[in-house]
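In the working numbering, the protein residues as written are 283 to 550. Report on one structure; see the data block that follows.
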């Protein structure tokens, strides 16, 4: 491997590479193992050809080295460094869609597999952006990309120096901050999420930091009906994100129903 290649970022696997191509991320070169399955490589080769990106055959050992232990399915892409978004971009995205902002704030999520899974669910639930602290947090690596199944290429992700300060800034934008905390009284199903919203998910073992918890407008918990008292961070985040989707879909349907009834009455 050349010195230049050592300094580059790599994403690996069919879905991450394919989604990187589709999202317009800058890709310098794609390597494909000679033994890779055509069902994996064919759509990648087609997309790369459209974009004029070089596709080169390589032996499995070279791909193993570039993938650094991540399962690559015989496909590795050399990419430009990930361009983190600004929080303002996320709010602007929500407004451009005519939607209430829906942000996810991750307080020291350290496991890259958890981060990847959270990004995948965030993309599926229409979250406008995911915010990470610059310190003591997993960053966007090949493992995160692979676990996210390429969703990392489609979700706005920002990194901030001080999450507590950011929460105060979001409040000035009219965004309410809900913190997930297993020790609180209010359960998620009694909370109202039909508002500009940021949900904080805490560290896998420690939960939210004290200061972050104090900055939240309200705390919510998932009901635990078994013998265990907590869920994996990515699972908990997924349940919360889909509860927001459920509530907002119900609110939109109710609003549309009222509007529709008014039109029918006028017609009668």
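Glycine included, every Cβ here is placed at the ideal spot set by N, Cα and C.
Subject >> CB contact flag (residue 416, residue 355, <8 Å) >> reply: Cβ distance not < 8 Å, so residue 416 and residue 355 don't count as in contact.
Original post:
Beta-carbon separation of residue 407 and residue 523 under 8 Å?
Top reply: Cβ distance < 8 Å, so residue 407 and residue 523 count as in contact.
**OP:** Please classify residue 300: does DSSP put it in a helix, a strand, or coil?
**Re:** When secondary structure is reduced to three states using DSSP, residue 300 falls in the helix class.
Original post:
Should the stretch 461-481 be regarded as contacting the stretch 503-519, the criterion being three or more beta carbon pairs within less than 8 Å?
Top reply: Yes, the stretch 461-481 touches the stretch 503-519.
Subject >> Test: residue 412 CB closer than 8 Å to a CB of chain C >> reply: Given the protein chain composition of this structure (a single chain), no chain C is represented.
Subject >> Euclidean distance between Cα positions of residue 531 and residue 341 >> reply: When the Cα atoms are used, residue 531 and residue 341 turn out to be separated by approximately 49 Å.
Original post:
What is the rounded straight-line gap between the Cα of residue 361 and the Cα of residue 420?
Top reply: Spanning the two alpha carbons is a distance of roughly 19 Å.
Original post:
Among the residues of its own chain, which have a CB less than 6 Å from the CB of residue 551, if the five just before and after it don't count?
Top reply: Summary: the structure shown does not reach residue 551, with the chain confined to residues 283 through 550, and so no result is reported for it.
Original post:
Below 8 Å, can you find three or more Cβ-Cβ pairs linking the stretch 384-395 to the stretch 322-337?
Top reply: In short, these stretches do not touch, since the Cβ pair count stays below three.
Subject >> Cα-Cα separation, residue 434 to residue 401 >> reply: A direct Cα-Cα distance of roughly 6 Å separates residue 434 from residue 401.
Subject >> Endpoints, the alpha helix (DSSP H) within which residue 415 is located >> reply: Residue 415: not part of any alpha helix (DSSP H); member of the beta strand (DSSP E) spanning 411-415, first to last residue.
Original post:
Excluding the five sequence neighbours on either side, which residues of its own chain have a C-beta within less than 8 Å of the C-beta of residue 488, listed in chain order?
Top reply: The beta carbon of residue 488 is closer than 8 Å to those of 390 in its chain, skipping five residues each way along the sequence.
**OP:** Report the three-state DSSP secondary structure of residue 441 (helix, strand or coil).
**Re:** It is a strand residue.
Subject >> Boundaries (first-last residue) of the alpha helix (DSSP H) holding residue 497 >> reply: Residues 492-497.
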